[in-house]
Amino acid sequence: DATEKLLTGENYTIDCSKGSTGLVYPGVSKIERTSVNIDNIPKTKTEIKLILGDPDAALSMSGLPVAGVGLVRQEFVVANHIGVHPKAVLHPELVSPEDQEIIDERAKNDASPKAWFIRRLSEGIGSIAAAFYPRPVIVRLGDFKSNEYRRLVGGENFEPEEENPMIGFRGASRYLSPEFKDAFELECEALSHVRNKMGLTNVELMVPFCRTPEEGKKVMSILNANGLQKGKDGLKVWVMCELPSNIFGIDEFAKVFDGFSIGSNDLTQLVLGVDRDSGLLAELFDEDNTAVKQAITQAIEGAHRNGKEVGLCGQAPSDKPHFAGFLVDLGIDSISLTPDSVMQAIEIVSKAEHKEALAKEIEEAFTSHDAMRAKPSAPIKA
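For what it's worth, the working numbering labels the leading residue of the sequence shown as -15, then goes sequentially.
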């Protein structure tokens, strides 16, 4: 509808930096360009990784000095590159004629709507994995909530209307449900194609919103049955550490999964009891809260106690330098951020690591000095 909304003779700024999604702003925007000398970028012990959801942006972002992708939001790939509910391609008899017409049009060049869905999802994930190969790319299994799934073509036919979808039919519980299991297996088929047919074995998996270790074990069984066996060809399966149960039961979760990724948004929401979708409570949503930081501390210490890697996905480390220092002090293994925050985060984390190293040197020097003072002198022989 650009020909209707844009006026002849007016100035507009077009932003194509977000991959396949373009933005148009009225007027001529002031654009600030910052050049960074790659040779001057500090090396950090803490790995810096990306959060991505757009395959079209992957190649341009792969040049950033990062250790890989710590979070691929697979549901974004489904929403933007497919736009159809997975159940709708499996059960056309339950789809309205209008929605079926849309699906058939999109899938007209494939053998079936199911084949089209698998191809589009595997191509989307594969594009990201190929751009960063051989660096690891951790793909979070679909984490849409029921209200978000309902917005997809055909979604209203398959999704319940929940009072609070944020803590409802999502994550591992959804994958195991008889109502959604075949759709999850469709997702698994696409991911198996990426690893086993495309050869992109740098793809790792992550299970979101896993309430109990027992749920985790059942999800593992489905993955195994669909060509995604943990450990085979180096496949790692992580879990999002975003529920209080993940932290309190971390020793048991560590027996099921290869590593943990702290989801600071959901963790903050559930520790503080604040619905992060509610504008009425926005002022209370704070990752820097003492209780939230205590939960993060327990998560990092618990993961390391069990010999597991642990990272954090969220913007707080780049927005709040002291928060980055807090994570570095705890010895977190990685931090994942959106591409626009990477360079700032590297600088902040590097400074935090240098402060930590300096503090340890000072402490060791004082300890050594005190030990020498406490050491008794050799007796003088007459």
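Even for Gly, the Cβ is constructed at its ideal location relative to N, Cα and C.
Fair warning: this is a prediction, and the values are worked out from it, not measured in the lab.
| Item | Value |
| --- | --- |
| Proximal residues to E132 (C-beta, below 6 angstroms), its chain only, five neighbours per side dropped | none |
| Proximity to E173 [Cα-Cα], best of L207, G315, F232 | L207 |
| Pair within 8 angstroms by beta-carbon distance, V56 and L105 | no |
| Exposed unless 16 or more other CB atoms sit within 10 angstroms - verdict on L254 | buried |
| As assigned by DSSP and simplified to three states, the class of A366 | Annotation note: pLDDT 49 at A366 (below 50); position unreliable, coordinate value reported separately. It is coil, neither helix nor strand. |
| Exposure of A366, with buried meaning 16 or more beta-carbon neighbours within 10 Å | Confidence in A366 is poor, its pLDDT being 49 and thus under 50, which makes the residue's placement unreliable; the coordinate value appears in the next sentence. Counting Cβ neighbours within 10 Å, A366 comes out exposed, since fewer than 16 surround it. |
| Simplified DSSP assignment, three categories, for S46 | coil |
| L36 beta carbon less than 8 angstroms from that of V53 | yes |
| Start and end residues, alpha helix (DSSP H) containing R158 | 156 to 160 |
| Inter-stretch contact at 8 angstroms, needing at least 3 Cβ pairs: the segment 208 to 220 / the segment 144 to 158 | no |
| Residue environment, D317, which counts as buried when at least 16 other CB atoms sit within 10 Å | buried |
| Rounded separation between T(-3) and P192 - CA only | 38 angstroms |
| Outcome for L184 when other beta-carbon atoms lying within 10 angstroms are tallied against a minimum of 16 | buried |
| Complete runs of the beta strand (DSSP E) confined to the segment 120 to 147 [at least 3 residues] | 121 to 124 |
| Cβ-based burial, V20 [other Cβ within 10 Å; buried from 16] | exposed |
| Three-way DSSP call (helix, strand, coil) for I15 in this model | coil |
| Where N230 falls, given that 16 or more other Cβ within 10 Å makes a residue buried | buried |
| Short Cβ contact (8 angstroms threshold) for Y159 with V123 | no |
| Buried versus exposed, by CB contacts within 10 Å (16 or more), I22 | exposed |
| Buried versus exposed call for R135 [16 or more other C-beta atoms within 10 Å across all chains shown] | exposed |
| Beta-bridge pairing of E31 - partner residues as DSSP gives them | S318 |
| Distance between K181 and L268 (C-alpha atoms, nearest Å) | 47 angstroms |
| Length of the line joining the Cα atoms of D272 and A266 | 14 angstroms |
| Segment contact flag, the segment 294 to 310 with the segment 324 to 341, C-beta cutoff 8 angstroms, min 3 pairs | yes |
| Option in F142, E(-6), T18 with minimal Cα separation from P76 | F142 |
| Proximity to P10 [Cα-Cα], best of Q328, K239, T(-8) | T(-8) |
| Helix, strand or coil at E271 [DSSP, three-state] | coil |
| Reduced DSSP category for D259 - H, G, I as helix; E, B as strand; rest coil | coil |
| N186 classed as buried or exposed, judged by whether at least 16 other C-beta atoms fall within 10 angstroms | buried |
| Host alpha helix (DSSP H) of S106 (start-end) | 97 to 116 |
| CB contact flag (V276, I246, <8 angstroms) | no |
| R154 versus D127: straight-line alpha-carbon distance, rounded | 6 angstroms |
| Span of the alpha helix (DSSP H) around S200 | The amino acid occupying residue 200 in the given sequence is Gly; Ser does not appear at that position. Run containing G200: 197 to 209, per the alpha helix (DSSP H) assignment. |
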